[in-house]
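Let me begin by presenting the structure, written as structure tokens, before commenting on it.
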Amino acid sequence: MKFMMRLVLAVAVASGIAVPVSAAHAADCSPARVAAADVNRYEGTHEAWDLVFKLVATADPGCHPVGTVSYAVEGDTATGGDPESDDADFVPVKGTLRWTSTSPTTLTVSVPVRNDRQLEQDERLELRLSDASGLVVTDPVAVGWLRDDDGMVRPELVLTPASEKICWVPDACQVRIKFSVPLRAPVTMHYRTHDMTAIAGRDYVGISDAKVTAKTGTTSVLVPIKLLRDQSPEPDETFGLEVFASTGGRAVGRSVPVVIRSGQ
């Protein structure tokens, strides 16, 4: 059948007849395969955020995914509801995703999450796929985890810059932010510096708001601070490093001193 379609198309092209792209696609390409990846995040206590499911459509070589699939996000142990409700963990969403000849192969579904300081177990919600048209769903269910970071399931996750750090001018300064427990999900944290005896712009490059993301399973992450070369030898000077917001866990909420020592 495919051979006959190719023959008809070849004759049409040779004759100067316009051939719709959809017809060529139907002749040469099998339906693309669609699957959603599981996602794992801390529930968090600060910024509002979305749990984002990624759906990847994989087509045959030389082909592009074309079709639609319906989705619905439902609670398992997590509770769906109004974002203003104290009982809701997330806002249920549903809809249809459409792949066209010009769309990216990866589309996303965003689920608003309500963060809080309540002591809760890890909670689970599910993205369910159905009613595919022009596509083949290889796995109809993806799991989203809202990991506890308040101390209910595991010890509380606390983020703290390492103390007694000494940086030598003119070397690069790498300050370690430590985690009280190994991460069970990725965490993005914001950090900033504060002048003490060291002055931003003279002794180091100050930071008002930067962020770094640590991977699952890690116990710390390094953040870079650029030091400025002294014109003449100086005694030790100090600036502060503070972690002040994160997508999971609790920042200590205070600056930890970092010592700059002249290498001259």
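According to mature numbering (1 follows the signal peptide of the UniProt record, and there is no 0), the stretch in the sequence shown is residues -26 to -1, 1 to 238, in order.
In this text, a Cβ means the ideal position worked out from N, Cα and C, and glycines have one as well.
Backbone secondary structure at residue i - three-state DSSP
i, result
"D60", "coil"
"D105", "strand"
"D24", "strand"
"D2", "helix"
"G118", "strand"
"D210", "coil"
"E216", "strand"
"D50", "coil"
"T162", "strand"
"T171", "coil"
"D183", "coil"
"S(-5)", "Its pLDDT being 47, under 50, S(-5) is placed unreliably in this model, and the coordinates cannot settle the point."
"V230", "strand"
"P66", "coil"
"T74", "coil"
"E130", "coil"
Contact check, residue i vs residue j, beta carbons under 8 angstroms
i, j, result
"R102", "D63", "no"
"V26", "T82", "yes"
"V85", "V47", "yes"
"L202", "Y178", "yes"
"L109", "G223", "no"
"V217", "Y165", "yes"
"S194", "K139", "no"
"S104", "P129", "no"
"V161", "T221", "yes"
"A174", "T212", "no"
"C37", "D61", "no"
"E94", "M126", "yes"
"T42", "R72", "yes"
"R15", "C141", "no"
Exposure of residue i, with buried meaning 16 or more beta-carbon neighbours within 10 Å
i, result
"G191", "exposed"
"A184", "exposed"
"D96", "buried"
"D122", "buried"
"L120", "buried"
"D210", "exposed"
"L227", "The sequence shown places Gly at residue 227, not Leu. Per the 10 Å Cβ criterion, exposed."
"D145", "exposed"
"L157", "buried"
"R176", "exposed"
Distance between beta carbons of residue j and residue i, contact taken as under 8 angstroms
i, j, result
"V8", "A106", "7 angstroms"
"P39", "T79", "6 angstroms"
"S206", "H168", "Actually they are not in contact, since the Cβ atoms of S206 and H168 sit about 25 angstroms apart, beyond 8 angstroms."
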